[in-house]
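Novice: Have a look at this one before I ask anything.
Numbering (this note's numbering), first residue to last: 14 to 101.
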């Protein structure tokens, strides 16, 4: 069944869209409600996760731990997809 579903996703080119949704949900669940309240937009494209934040202080604080955030999110994915984190 899983193989059939994977084949369907490949044929219908759904993987990118499903990855975007999964990564956006992971951002909110892994970083918690405090970060969620300050997040304006989450977008994922070609390995780059772009997150728009309302707080410049939070953006600065998170920028120090970008690699740790990437690793934490990739751990929750079946395949590591995130190679870069851009905070706006």
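Every residue, glycine too, gets a C-beta built ideally from N, C-alpha and C.
I need the DSSP call for residue 68, collapsed to helix, strand or coil.
Specialist: Counting from one through the chain shown, the residue named residue 68 turns up at place 55. Reduced to three states, the DSSP call for residue 68 is coil.
Novice: Any idea what DSSP makes of residue 88, helix, strand or coil?
Specialist: Taking the chain shown and counting its residues from 1, the one referred to as residue 88 is at position 75. Three-state DSSP puts residue 88 in a helix.
Novice: How is residue 94 classed by DSSP in three states: helix, strand or coil?
Specialist: What you label residue 94 is simply residue 81 of the chain shown in a count that begins at 1. In this structure, residue 94 counts as coil in the three-state DSSP scheme.
Novice: Report the option in 47, 34, 58 whose CA atom is closest to the CA atom of residue 75.
Specialist: Locating residue 75 in the chain shown gives position 62, where the first residue counts as 1. Residue 75 has its Cα closest to that of 47, out of 47, 34, 58.
Novice: Kindly list the residues whose CB is nearer than 6 Å to the CB of residue 96, restricted to its own chain and excluding five residues on each side of it in sequence; keep chain order.
Specialist: Taking the chain shown and counting its residues from 1, one reaches residue 96 at position 83. Closer than 6 Å at the Cβ level, and outside the excluded window around residue 96, lie 60.
Novice: In whole angstroms, give me the CA-to-CA distance for residue 99 and residue 90.
Specialist: Reading the chain shown from its first residue, position 86 is the one you call residue 99. Reading the chain shown from its first residue, position 77 is the one you call residue 90. Approximately 19 Å between the Cα atoms of the pair.
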